[in-house]
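> Here it is, the structure in full.
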Amino acid sequence: MSDYNHFYNKSIENPIDFWREQSEQIEWYSRPETIVSKDANGYPLWFEDGQLNMCYLALDKHIQDGHGDQVAFIYDSPVTQSIKKYTYQEVKTEVAKLAGGLLSLGFKKGDTAIIYMPMIPQTAFAMLACARIGMIHSVVFGGFAPHELAIRIDDCKPKVLLTASSGIEIDRLIAYKPLVDEAIALASHQPDHVIVFNRKLGARVPFKKYDVDYEALVYGSEETNCVAVASNHPLYILYTSGTTGKPKGIVRDTGGYAVALQFSMRYIYDVQPEETFWAASDMGWAVGHSYILYGPLINRNTTVIFEGKPIKTPDASTFWRVISEHKVGTMFTAPTAIRAIKKEDPDGLFIKKYDLSCLRNQFLAGERCDSATIAWFQKHIPIPVIDHWWQTESGWPMVANSLGLGNTTLKTGAGGKAVCGYDIRIFNEEGMVLGDGEEGFVVVKLPLPPGNLLGLWENETRFQNSYFSRFEGYYLSGDGGFKDKDGYVYITGRVDDLINVAGHRLSTAEMEEIVATHSAVAECAVIGVHDDLKGQVPLALVVLKAGETIAQFQLEYEIVQKVRAKIGAVASLRNVIVVQRLPKTRSGKILRKLLRSIADGEVIQIPSTIDDVTIIAEITADFKVYEGGK
């Protein structure tokens with residue numbers, strides 16, 4: 001821990017010298033002299049006078065250093081039953097030609113582009129091509145509803161939209177082009193062109209006058225060089241759900257982000273160049289940007305682009321096959337993926353079929369992982385499981401075990417210790433610092449370190465109100481948690497996941513932890529529902545393990561007794577509903593607010609990030625069956 005303590009203390013006490021040293025680990029066209037400055041509202045700007053290019057750091061630099069033949073991408077697609085590998089040189093050639101094609105269409109530095117594509121290599125090529133010429137990309141999940149895509153088109157006003165002919169879900173082909181055309185028809189802003197990559201899988205690809213064929217554009221274009229951009233030039237806009245219903249366009253800078261990602265690959269994930277790193281996420285999430293694409297490539301790793309699901313493509317063995325076959329050293333996924341595998345294969349029989357000796361560390365993030373799931377994983381794969389914490393806004397971890405700095409002691413339930421640069425405090429509602437073990441608002445003292453959001457796209461007022469108005473001089477994360485005496489941070493969930501039961505503020509995350517320990521439970525969620533007497537009472541929704549036959553009344557009794565034994569009668573948990581699955585975002589977060597609305601009979605606002613809208617009818621039916629049985 002001595003390395004961690006030294007690094008962390010220096011990052012807080014002398015951030016200018018600390019981040020100057022870290023900035024020297026990447027190659028700049030013009031090295032920054034000003035390490036940190038402030039914008040008009042006092043928000044930190046990192047390396048303001050530096051110039052660089054993210055695509056150069058990700059590709060060209062490694063080729064110039066003699067590593068062009070190293071594999072950059074492994075594309076593994078169980079849904080199309082194909083695997084393809086791309087070297088750094090092959091990726092650079094395609095990216096440089098696509099960038100040249102964008103220039104030939106009249107696009108330039110500072111223009112915006114939306115990328116609406118599935119998990120295929122061309123998605124990464126499009127992102128890198130935009131970065132190469134200073135265009136600002138915004139990746140939107142392929143398959144998003146036209147209305148939601150139209151909202152994003154009108155917000156960031158792209159000059160061009162890049163898409164593919166289709167995506168593939170477990171049981172169906174989804175044609176993207178008709179969805180894109182409908183979104184453009186709905187939007188007020190009209191992009192100049194739509195570039196279409198035809199996967200030739202049989203999807204309908206209606207032709208419009210604004211269409212450009214991806215392959216023809218790349219084939220007919222010359223390679224173009226990287227364009228120098230300022231450190232604070234936006235690399236991308238990434239939309240995340242907002243409390244108002246309108247998505248927030250998180251803006252990421254280039255220089256600070258590159259420095260932070262290089263730091264994290266080395267000192268948090270402890271990954272060496274040439275190792276295979278796999279973040280089982282999607283390019284449409286912050287994880288995809290940071291740890292499928294830019295982070296691993298800056299660090300000269302081989303990174304996996306996975307088109308599939310943890311189960312049913314074809315079964316719960318898929319993750320273990322990919323790890324074994326591609327010699328993955330470090331993996332990163334959401335807890336929900338592990339829980340899905342655990343549900344389908346509770347005894348870990350599939351795990352025994354593969355040689356997983358290559359896997360050194362398993363990182364989890366997205367939402368807090370229950371200890372029962374971590375215990376199940378370590379029972380079958382005895383390696384460190386690091387449940388760390390960060391947000392779309394931060395772009396890289398805020399709380400973690402920094403393995404590369406010797407911070408290897410894990411504590412169940414904790415996200416680790418504050419990462420270098422993050423001065424994390426726990427506040428009460430009045431902005432006073434709470435003591436060890438006391439739960440409150442998780443905040444970060446300004447300045448935020450490099451890599452964090454530059455702002456919200458063309459909405460400074462919302463930026464200030466969302467993050468800085470509650471506690472002056474501090475970033476409000478929106479999450480609740482506490483610290484222990486050793487400085488380990490425990491994230492208990494979104495602040496609005498605390499419920500008030502007859503005047504007692506209780507954490508639904510704590511109850512979920514207890515419910516998840518029941519031997520029949522694969523996954524669960526606890527929400528607060530309206531009660532005329534107590535204000536709110538907790539309600540547990542559980543998904544059973546495959547093959548489990550426990551009776552409803554017995555399950556309910558046993559779970560209620562577990563919660564009563566650990567928390568006390570004050571918890572007032574009396575009802576347990578068995579459901580087939582839980583509503584989630586495409587990144588794996590359980591949509592607890594949606595569940596509360598259904599339970600309370602409110603008008604439902606369907607989140608744009610929901611993975612499968614049909615689950616709403618399923619859950620509503622489950623509630624009715626339960627109420628009828630009662």
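In the UniProt record's numbering, the protein residues as written are 1 to 630. A virtual CB, placed ideally from N, CA and C, is assigned to each residue, including glycine. Remember, it's a predicted structure, so these values are computed and weren't measured experimentally.
Report yes if the CB atom of R360 is closer than 8 Å to the CB atom of T408, and no otherwise.
Contact flag unset, no.
> Since F125 and L98 should fall inside the 8 Å C-beta cutoff, what is the C-beta to C-beta distance between them, to a whole number of angstroms?
Right, their Cβ atoms sit about 6 Å apart.
> Do A58 and L162 have their C-beta atoms within less than 8 Å of each other?
The answer is no: Cβ separation not under 8 Å.
> So, under 8 Å CB-CB, C524 and A509 are touching, yes? Tell me the CB distance rounded to an integer number of Å.
Their Cβ separation, rounded to whole angstroms, is 11 Å, which puts C524 and A509 out of contact at 8 Å.
> Is it buried or exposed for G66, if we count other Cβ within 10 angstroms and need 16 for buried?
When all chains shown are included, G66 counts as exposed.
> Counting Cβ pairs closer than 8 Å, one from the segment 345-356 and one from the segment 315-326, do we hit at least three?
Cβ pair count under 8 Å is three or more, so yes.
> Is it buried or exposed for E460, if we count other Cβ within 10 angstroms and need 16 for buried?
By the 10 Å Cβ count, E460 comes out exposed.
> With distances taken Cα to Cα, identify the nearest neighbour of F207 among E182, Y294 and S519.
Nearest option by C-alpha distance: E182.
> Could you give the DSSP three-state label for A540: helix, strand or coil?
DSSP places A540 in strand when its eight states are reduced to three.
> So for K109, helix, strand or coil by DSSP?
Here K109 sits in coil by DSSP.
> To the nearest angstrom, how far is it from the Cα of K343 to the Cα of H518?
Their backbone Cα atoms lie some 13 Å apart in a straight line.
> For V160, count neighbouring Cβ atoms within 10 angstroms of its own Cβ and tell me buried if that reaches 16, exposed if not.
Under this definition V160 is a buried residue.
> Under 8 Å: do the segment 552-564 and the segment 243-263 share three or more Cβ pairs, one atom per stretch?
Taking 8 Å as the limit for Cβ pairs, the verdict is that the segment 243-263 does not touch the segment 552-564.
> I need the boundaries of the alpha helix (DSSP H) containing residue 631, first residue and last residue.
Residue 631 lies beyond the range of the chain shown here (1 to 630); nothing can be said about it.
> Under a three-way DSSP split, which group does F468 fall into?
Three-state result, F468: coil.
> Going by alpha carbons, who is nearest to G535 out of H193, Y269, P15 and V570?
Comparing Cα-Cα distances from G535 to each of H193, Y269, P15 and V570, the minimum goes to V570.
> State the start and end residues of the unbroken beta strand (DSSP E) segment that holds G421.
First-last for G421: undefined, no H or E at that position.
> Counting pairs of Cβ atoms below 8 Å between the segment 287-304 and the segment 481-489, do you hit three or more?
No, the segment 287-304 is not in contact with the segment 481-489.
> Of the choices L410, G395 and E393, whose alpha-carbon is the least far from that of N401?
Residue L410 is the option with its Cα nearest to N401.
> Taking contact to mean at least 3 C-beta pairs separated by less than 8 Å, is the segment 152-159 in contact with the segment 190-208?
Flag = yes, the segment 152-159 and the segment 190-208 touch.
> Rounded to a whole number of angstroms, what is the C-alpha to C-alpha distance between residue 695 and I133?
A query on residue 695 cannot be resolved here, the shown segment of the chain reaching from 1 to 630 and no further.
> Hey, out of D347, E430 and D171, whose CA is closest to G308's CA?
It is D171 whose Cα lies nearest to the Cα of G308.
> So, using beta-carbon positions, are T492 and G480 closer together than 8 Å?
Cβ distance < 8 Å, so T492 and G480 count as in contact.
> Exposed or buried, what is G142 when buried is set at 16 or more other beta-carbons lying within 10 Å of its beta-carbon?
Buried is the call here.
> Roughly how far, in whole angstroms, is the beta-carbon of K92 from the beta-carbon of D60, given that I think they are within contact range, below 8 Å?
6 Å between Cβ atoms; contact.
> Which residue marks the beginning of the alpha helix (DSSP H) containing N5, and which one marks its end?
Start and end: S2 to E13.
> Measure the Cβ-Cβ separation of V304 and D76 and say whether it is below 8 Å.
In this structure, D76 lies closer than 8 Å to V304 by Cβ.
> Please name the residue or residues paired with L173 in a DSSP beta bridge.
I168, per the DSSP bridge assignment.
> Just verifying my parser: in three-state terms, what is the DSSP assignment at C156?
Reduced to three states, the DSSP call for C156 is helix.
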